[in-house]
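**Q**
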Amino acid sequence: MIRLRFAPSPTGNLHIGSARTALFNYLYAKFLKGKFILRIEDTDILRSKKEYEEDIISGLKWLGINWDEGPGVDSVQSYYQLDRWKQGIYNQYCQQLIEEGKAYYCFCEQEEKDKDPLQLSYKYSGKCRTLSNEQIKENIAKKIPYAIRFKVCEEVVVFRDLVRGDISFDMALNGDLVIMRSDGMPTYNFAVVVDDMDMQITHVIRGEDHISNTPKQIQIFNALGKTPPAYGHISMILGPDKAKLSKRHGAKSITEFKNEGYLPEALFNFLALLGWSHPEDKEVIFQEDLMTVYDMARVSKSNSVFNIEKLNWLNGQYLRSYTAEHIYNISSEFLDGFNKSLYNKDQLIYILDVIKENLNLLSDIPTQLAVFFTTQVIYEKEHVQLEMIPMIEKFEQGLRDLEFTSEVISEYTNNFVKENNIKKGQIFHNVRYAVSAQQKGPSLFKMLQVFGKEKVCQRIGNYIAYVKTCSGS
RNA sequence: GGCCCCAUCGUCUAGUGGUUAGGACACCAGGUUUUCAACCUGUAAGCGGGGGUUCAAUUCCCCCUGGGGCUGCCA
Numbered sequence: 194m195i196r197l198r199f200a201p202s203p204t205g206n207l208h209i210g211s212a213r214t215a216l217f218n219y220l221y222a223k224f225l226k227g228k229f230i231l232r233i234e235d236t237d238i239l240r241s242k243k244e245y246e247e248d249i250i251s252g253l254k255w256l257g258i259n260w261d262e263g264p265g266v267d268s269v270q271s272y273y274q275l276d277r278w279k280q281g282i283y284n285q286y287c288q289q290l291i292e293e294g295k296a297y298y299c300f301c302e303q304e305e306k307d308k309d310p311l312q313l314s315y316k317y318s319g320k321c322r323t324l325s326n327e328q329i330k331e332n333i334a335k336k337i338p339y340a341i342r343f344k345v346c347e348e349v350v351v352f353r354d355l356v357r358g359d360i361s362f363d364m365a366l367n368g369d370l371v372i373m374r375s376d377g378m379p380t381y382n383f384a385v386v387v388d389d390m391d392m393q394i395t396h397v398i399r400g401e402d403h404i405s406n407t408p409k410q411i412q413i414f415n416a417l418g419k420t421p422p423a424y425g426h427i428s429m430i431l432g433p434d435k436a437k438l439s440k441r442h443g444a445k446s447i448t449e450f451k452n453e454g455y456l457p458e459a460l461f462n463f464l465a466l467l468g469w470s471h472p473e474d475k476e477v478i479f480q481e482d483l484m485t486v487y488d489m490a491r492v493s494k495s496n497s498v499f500n501i502e503k504l505n506w507l508n509g510q511y512l513r514s515y516t517a518e519h520i521y522n523i524s525s526e527f528l529d530g531f532n533k534s535l536y537n538k539d540q541l542i543y544i545l546d547v548i549k550e551n552l553n554l555l556s557d558i559p560t561q562l563a564v565f566f567t568t569q570v571i572y573e574k575e576h577v578q579l580e581m582i583p584m585i586e587k588f589e590q591g592l593r594d595l596e597f598t599s600e601v602i603s604e605y606t607n608n609f610v611k612e613n614n615i616k617k618g619q620i621f622h623n624v625r626y627a628v629s630a631q632q633k634g635p636s637l638f639k640m641l642q643v644f645g646k647e648k649v650c651q652r653i654g655n656y657i658a659y660v661k662t663c664s665g666s
């Protein structure tokens, strides 16, 4: 059975980098027809917060990344490390290692390494490795705080990375590592191993920043008598300055993308393309299709810069492919600011259909919509064309007898232009300005239809009056 | 400092010894359009440097350079 997992620590919101890691695991699990598991690594009690956990969970759900096992899914076991710690799981395995002589009590004080920046290569001496049972008992009796260290084997560890091939580390360069802190909590490297082992994880896809943790985890797996999973390390996402995208470097949370009007499908698609490519170079790919082709063999090794322009384009592709009704259904928060009594639902959907082509983000809606809701049009002298006034007056008169649909108005306008021998653009421009005081905007006839005859004629009248006042006649 | 990873247009990438080095975003030009956008067409733009191996290197090896990561009783 194939089992992959995403194991975030709730010490921050779900940001673009960890969302991508989750997505790669999810997609690869689906590609292999396996299970995808969500596990919360909350052993850092100081920095973990419930609100972050909620943000991560809701962010994943919003993106459409669903887990087969994990929080919110019925199960006998917990997928929170804190719970598992309370059940004594880590302690049990730790005890096993101590008994087998593979781990030991360490009474050394916590190292302070930040004094001398040049002396960075620090390695624990292994001082407590050789403590006798008596000394250990004595120290415990004296209530000297202790941690448990894992005896690192001084060997070369080689593993075959799913995306990079063979990677080797000389473990003689590492000191023994702490697996249980003096406060009784397991450290990351120990807890992941225990959990991945217990949960029978077969493949671990994670960020490149974990490469150097891998040999340590492999040794712990071996010490526990289990085979480690396959590891695949994906590249990092970089900011426009090519620095690692982190919270302080403008790594936006998924919630922010949502609030800014991005569609989950588009973000999902975009993230899948960041460090992976479709065998046929496709760019717009739906989730269901991704699941059938998402092979790790097509994951690229180098870091990638986050390119917001492409995300915007992709978002527009998705948005424009939707019906106006669907857009209406998903954009309520961007519609909230508008006076609902002005139009009914059907009219609003019609308006959305009119402005749809101008949309990249859901958040573009308010700007595009504004012209339909303004009650006051304020003209400016410099945009006025006095010489066109007689023509506009005539145009407006003809409008009064029309059935007020965009098709009819369009036909009328075409004939009007022909009969009066004027340029199309002139009439369009002036009418647009008269009814909206804007130089540009949505398709004119559709806009007129939405406004309705009464409002259109009234505004044109106002405009004519304004121009006449301006000209001082 | 030590260890590890990486290196194709501005950006995301295809490419696994012989290609006119392909696509996408952005850009620029043209078309279409009442405007803006969208859309269509086209242009421009790239293998970091130096050594090898080979009849032949973007592709394989080494060095340099550059970028990134790790070097915690954080994850």
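Here the first sequence is numbered in this note's numbering, starting from 194 and rising by one per residue. Note that CB positions come from ideal geometry on N, CA and C, so glycine has one too.
#1: Take R213 and list the residues in its own chain whose beta-carbon comes closer than 7 Å to its own, dropping the five residues that flank it on each side.
#2: Quick one: what's got a C-beta closer than 7 Å to K242's C-beta in the same chain, skipping five residues either side?
#3: Might you give, ordered along the chain, the residues of its own chain that have their beta carbon closer than 7 Å to the beta carbon of R652, omitting 5 neighbours on each side?
#4: Could you say which of Q540, N553, P379 and V498 lies nearest to W506 if we only look at CA atoms?
#5: Give a yes or no on contact between the segment 375 to 389 and the segment 327 to 343, applying the rule of three or more CB pairs nearer than 8 Å.
#6: Does DSSP put W469 in a helix, in a strand, or in coil?
#7: Use the C-beta contact count for A490: other C-beta atoms within 10 angstroms, 16 or more gives buried, fewer gives exposed.
#8: With a threshold of 16 other CB atoms inside 10 Å of the CB of L207, please say whether the residue is buried or exposed.
#9: Going by the CB atoms, is the gap between I230 and W260 shorter than 8 Å?
#10: Please tell me whether Q619 and H576 are closer than 8 Å, where the distance is taken between their beta carbons.
#11: Determine the burial state of L579: buried for a count of at least 16 other Cβ atoms within 10 Å of its Cβ, exposed for fewer.
#12: Nearest-angstrom Cα distance between R353 and E327?
#13: Roughly how many angstroms lie between the CA atoms of K494 and H519, to the nearest whole one?
#14: Looking at the structure shown, is K308 part of a helix, part of a strand, or coil, going by DSSP?
#15: Can you tell me the Cα-Cα spacing of T323 and G294, whole angstroms?
#16: Please classify L562 as buried or exposed, where buried requires at least 16 neighbouring CB atoms within 10 angstroms.
#17: Identify which residue in V564, G591 and P635 has its Cα closest to the Cα of K646.
#18: State the beta-bridge partners of M484 as determined by DSSP.
#19: Would F527 and I558 qualify as a contact pair, given that the criterion is a beta-carbon distance under 8 Å?
#20: Alpha carbon to alpha carbon, how far is V649 from F565?
#21: Beta-carbon within less than 7 Å of R746's beta-carbon, same chain only, minus the 5 sequence neighbours each way: which residues are those?
#22: First and last residue of the beta strand (DSSP E) that includes R196?
#23: What are the residues that DSSP puts in a beta bridge with G425?
#24: What do you get for Q697, buried or exposed, if any count of 16 or more other CB atoms within 10 angstroms of its CB means buried?
#25: Distance check for I413 and E347, CA to CA, integer angstroms please.
#26: Tell me, which residues are paired with V477 by DSSP?
#27: Can the beta-carbon of Q280 be found closer than 8 Å to that of D388?
#28: Confirm, please, whether the CB-CB distance from E262 to S268 is below 8 Å.
#29: Mapping DSSP to helix, strand and coil, what is C663?
#30: Find the nearest neighbour of W469 within the set Y424, S497 and G257, judged by alpha-carbon distance.
#31: Which whole-angstrom value describes the C-beta separation of I258 and F499, a residue pair presumed to lie in contact below a C-beta threshold of 8 Å?
#32: DSSP has V371 in a bridge; who is on the other side?
#33: Note down the Cα distance separating Y521 from L512, rounded to an integer number of angstroms.
#34: Counting Cβ pairs, one atom from each stretch, are 3 or more of them under 8 Å apart for the segment 400 to 415 and the segment 215 to 228?
#35: Give the DSSP-derived three-state secondary structure of V498 in the structure shown.
#36: Could you check if C346 belongs to the surroundings of the ligand SAM, using beta carbon to heavy atom distance under 7 Å?
**A** With the structure as the only source:
#1: The residue given as residue 213 occupies position 20 in the first sequence. Excluding positions up to five away in sequence, the list reads I430, L464 and L467.
#2: In the first sequence, counting from the first residue as 1, residue 242 sits at position 49. Here the set comprises P203.
#3: Here residue 652 refers to the residue found at position 459 of the first sequence. Within the same chain, R652 has close Cβ partners V570, A627 and V628.
#4: Along the first sequence, read from residue 1 onward, the residue named residue 506 stands at position 313. The candidate whose alpha carbon is nearest that of W506 is N553.
#5: Touching, yes, given that three or more Cβ pairs across the two stretches are closer than 8 Å.
#6: If you number the first sequence from 1, residue 469 lands on position 276. Strand, per DSSP.
#7: By 1-based counting over the first sequence, the position of residue 490 is 297. Per the 10 Å Cβ criterion, exposed.
#8: To locate residue 207, count along the first sequence from 1; it is residue 14. Buried, since its Cβ has 16 or more Cβ neighbours within 10 Å.
#9: Position 67 of the first sequence holds residue 260. Position 37 of the first sequence holds residue 230. Yes.
#10: To locate residue 619, count along the first sequence from 1; it is residue 426. To locate residue 576, count along the first sequence from 1; it is residue 383. Judged by beta-carbon spacing, H576 lies beyond the 8 Å limit of Q619, meaning their Cβ atoms are not closer than that value.
#11: Mapped onto the first sequence, residue 579 falls at position 386. Of the other Cβ atoms in all chains shown, fewer than 16 fall within 10 Å of the Cβ of L579; this residue is therefore exposed.
#12: Numbered from its first residue, the first sequence carries residue 353 at position 160. Numbered from its first residue, the first sequence carries residue 327 at position 134. Going by C-alpha positions, R353 is about 43 Å away from E327.
#13: Position 301 of the first sequence, counting from 1, holds the residue named residue 494. Position 326 of the first sequence, counting from 1, holds the residue named residue 519. Computed Cα separation, rounded: 38 Å.
#14: Looking up residue 308 in the first sequence gives position 115. Note that K308 scores a pLDDT of 42, beneath 50, so its modelled location is shaky; the value from the coordinates is reported in the next line. Note: K308 maps to coil in three-state DSSP.
#15: Here residue 323 is taken as the residue at index 130 of the first sequence, counted from 1. Here residue 294 is taken as the residue at index 101 of the first sequence, counted from 1. Taking the straight line from one Cα to the other gives about 11 Å.
#16: As a position in the first sequence, residue 562 is number 369, starting the count at 1. Buried: at least 16 other Cβ atoms inside 10 Å.
#17: Position 453 of the first sequence, counted from the start, is the residue given in the question as residue 646. Nearest in C-alpha terms to K646, of all of V564, G591 and P635, is G591.
#18: Within the first sequence, residue 484 is the residue found at index 291, counting from 1. The beta-bridge partner set that DSSP reports for M484 is empty.
#19: Residue mapping note: residue 527 aligns to position 334 of the first sequence, counting from 1. Residue mapping note: residue 558 aligns to position 365 of the first sequence, counting from 1. Yes, they are a contact pair.
#20: Position 456 of the first sequence holds residue 649. Position 372 of the first sequence holds residue 565. Distance from the CA atom of V649 to the CA atom of F565, rounded to whole angstroms, is 12 Å.
#21: The requested residue 746 does not occur in the structure, where the chain is confined to residues 194 to 666.
#22: As a working mapping, residue 196 is identified with position 3 in the first sequence. Where R196 is concerned, the enclosing beta strand (DSSP E) stretches over R196 to F199.
#23: Translated into the one-based positions of the first sequence, residue 425 becomes position 232. Secondary-structure assignment with DSSP links G425 through a beta bridge to I398.
#24: Nothing about residue 697 can be reported from this structure: the residues present for the chain run from 194 to 666 only.
#25: Indexing the first sequence from 1 puts residue 347 at position 154. Indexing the first sequence from 1 puts residue 413 at position 220. Going from the Cα of E347 to the Cα of I413 covers about 13 Å.
#26: For this step, residue 477 is matched to residue 284 along the first sequence. Residue pairing of V477 in beta bridges, as defined by DSSP: absent, with no partner found.
#27: Along the first sequence, one-based indexing puts residue 280 at 87. Along the first sequence, one-based indexing puts residue 388 at 195. A distance of 8 Å or more separates the beta carbons of Q280 and D388.
#28: Position 75 of the first sequence holds residue 268. Position 69 of the first sequence holds residue 262. The Cβ atoms of S268 and E262 sit closer than 8 Å to each other.
#29: The sequence position of residue 663 within the first sequence is 470, counting from 1. DSSP places C663 in helix when its eight states are reduced to three.
#30: Taking the first residue of the first sequence as 1, we reach residue 469 at position 276. The residue with the shortest Cα to Cα distance from W469 is S497.
#31: Taking the first residue of the first sequence as position 1, residue 258 is located at position 65. Taking the first residue of the first sequence as position 1, residue 499 is located at position 306. No, I258 and F499 are not in contact; Cβ-Cβ is about 19 Å, not under 8 Å.
#32: Taking the first residue of the first sequence as 1, we reach residue 371 at position 178. R342.
#33: Position 328 of the first sequence, counted from the first residue, corresponds to residue 521. Position 319 of the first sequence, counted from the first residue, corresponds to residue 512. The C-alpha of L512 is placed about 11 Å away from the C-alpha of Y521.
#34: No: fewer than three Cβ pairs fall under 8 Å.
#35: Along the first sequence, one-based indexing puts residue 498 at 305. Note: V498 maps to strand in three-state DSSP.
#36: No copy of the ligand SAM appears in this structure; indeed no ligand is present at all.
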